[in-house]
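When we follow our numbering, the leftmost residue of the sequence shown carries the number 12, and every step to the right adds one.
Ideal placement from N, C-alpha and C gives every residue a C-beta, glycine not left out.
All figures in this text were calculated on a predicted structure; none of them were measured in a lab.
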Amino acid sequence: MRIDGSQGEGGGQIVRTSLSLAALTGQEIELEHIRAGRPRPGLAAQHVTCCQAVAQICQGKLEHAELGSQTVRLTPGRVTGGEYEFDVAAVRPSAGSACLVLQSVLPPLAFAPRPSTVRIYGGTDVPWSPVFAYLKHTFAPALARFGIGLELSRSRGGFYPAGGGCITAHVRPCTKAAAVDLRSRGELLGATVISTVTDGLPRRILQRQTSAASHALKAAGIETQVEEHYISSHSPGTSCVISLNYGHGHGGFTTLGKRGKPAERVGQEAAQEAVQFAASDATVDQHLADQLLLYMALAEGRSELRAECVTEHLRTHAAVACQMTDAQVELQENGMLTVTGVGVSAGV
């Protein structure tokens, strides 16, 4: 099967989704025109690591997965589950996202015949990627609704530009993923502010971020719990994540710190996004909708959610999922996403 890597938003998501589905379904794929419209076309270090990681977990044959390549071919073997380790810096020293590498291998491992442990070195809190706290506090609880278990830990932070962080994921696969009904999010069950600061920066930044976010949320009537993490990292950095978990919905909102940006502003910006989401009818944030679509396509039966907004990322993800599976996807402009999944079974 040929996949056009320049379609839609034309980014790395097409690479990750295509590889995941190829490993899961056993389809041989050839990706063409990868990131063709980007300033630096072709595969970057993180994308190469994703290719290598997926090929390893499915015992497949991988061709042309090199830096700058705009074509990749994968002939998959069988996914068995087990213990794996991947390092983005092995391709080229960078802060390439460890979290995105995890999201590449997770769908096949979620349907493997046995549990898996995956350790990944790279960026844990970097731009253009979900950060570690988002995956742990927002994505993992949402994934559990499908019957897939994901436990996450971080032994070292990885910030731009050095990266070098380390995350470990324990994946408990499902026999068959359950459909989800997230049309109406219900009651707010918990709101958590997760503030992270590297140990090369003053510890007081933690409290400044946390306090600013908590006060902004409280002013909107949202009471919060707080987690503060002072962690080691090769590069200095900060992040603030706010996770809102509802009876039938999830939202996660991230702001990264940078030189010259006050800690209070970092916390306030994350809170501002969370407050806007809480005032809407959405059941999942815009990034989570994109991340869950693949699992909806693999689940058995009809799944529904209401996205915060309809992005080109989401449209492109839907197009690739439909091309590679028999899933039926309906996406409305008001954010309603309905997917009739194919009912993949473990070990298949």
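- Here I14 has I25, S29, I40, E41, L42, E43, V331, Q334, M335 as same chain residues with Cβ atoms under 8 Å from its own Cβ, once five neighbours each way along the sequence are excluded.
- Cβ-Cβ separation between G158 and R165: approximately 25 Å, too far for a contact (criterion under 8 Å).
- The C-beta of L200 has fewer than 16 other C-beta atoms within 10 Å across all chains shown, which makes the residue exposed.
- In the displayed model, H261 falls within a strand according to three-state DSSP.
- Per DSSP, the continuous beta strand (DSSP E) segment holding Q339 begins and ends at 339-342.
- Beta-bridge pairing by DSSP links V26 to no other residue.
- For I216, no beta strand (DSSP E) run applies; the uninterrupted alpha helix (DSSP H) run containing it begins and ends at 215-230, by DSSP.
- Within the same chain, and ignoring the five residues on either side of V102 in sequence, the residues whose Cβ sits closer than 6 Å to its Cβ are A56, V59, T60.
- Burial of G168 is indicated by the presence of at least 16 other C-beta atoms within 10 angstroms of its C-beta.
- Within a 10 Å sphere around the beta-carbon of S195 sit fewer than 16 other beta-carbons, which makes this residue exposed.
- In the three-state scheme derived from DSSP, where H, G and I count as helix and E and B as strand, I68 is classed as helix.
- In this structure V83 is not in contact with C69, their Cβ atoms being roughly 14 Å apart against a cut-off of 8 Å.
- A contact between stretches requires three or more CB pairs, one per stretch, nearer than 8 Å, and the segment 232-240 fails this requirement with the segment 123-137.
- Taking A274 as reference, the option from H261, A223, H298 with the minimal CA-CA separation is A223.
- With a cutoff of 8 Å on beta-carbon distance, V129 and V116 are scored as near each other.
- Only residues of its own chain outside the window of five on either side were considered, and among them V142, Y145, V252 have a CB closer than 6 Å to the CB of T265, listed in chain order.
- Annotation for R276: the continuous alpha helix (DSSP H) segment containing it runs 274-289.
- When the Cα atoms are used, A76 and A47 turn out to be separated by approximately 15 Å.
- Contact annotation: G352 and A190 have beta-carbon atoms nearer than 8 Å.
- L348 counts as buried, since at least 16 other C-beta atoms from the protein chains shown sit within 10 angstroms of its C-beta.
- Annotation: the segment 34-119 contains the following complete segments of the beta strand (DSSP E) (minimum length 3 residues), in chain order: 40-43, 72-74, 83-86, 94-98.
- Annotation: the continuous beta strand (DSSP E) that includes E238 extends over 236-242.
- Excluding the 5 residues flanking it on each side, Q114 has no same chain C-beta neighbour closer than 6 Å.
- Annotation: the continuous beta strand (DSSP E) that includes T203 extends over 199-209.
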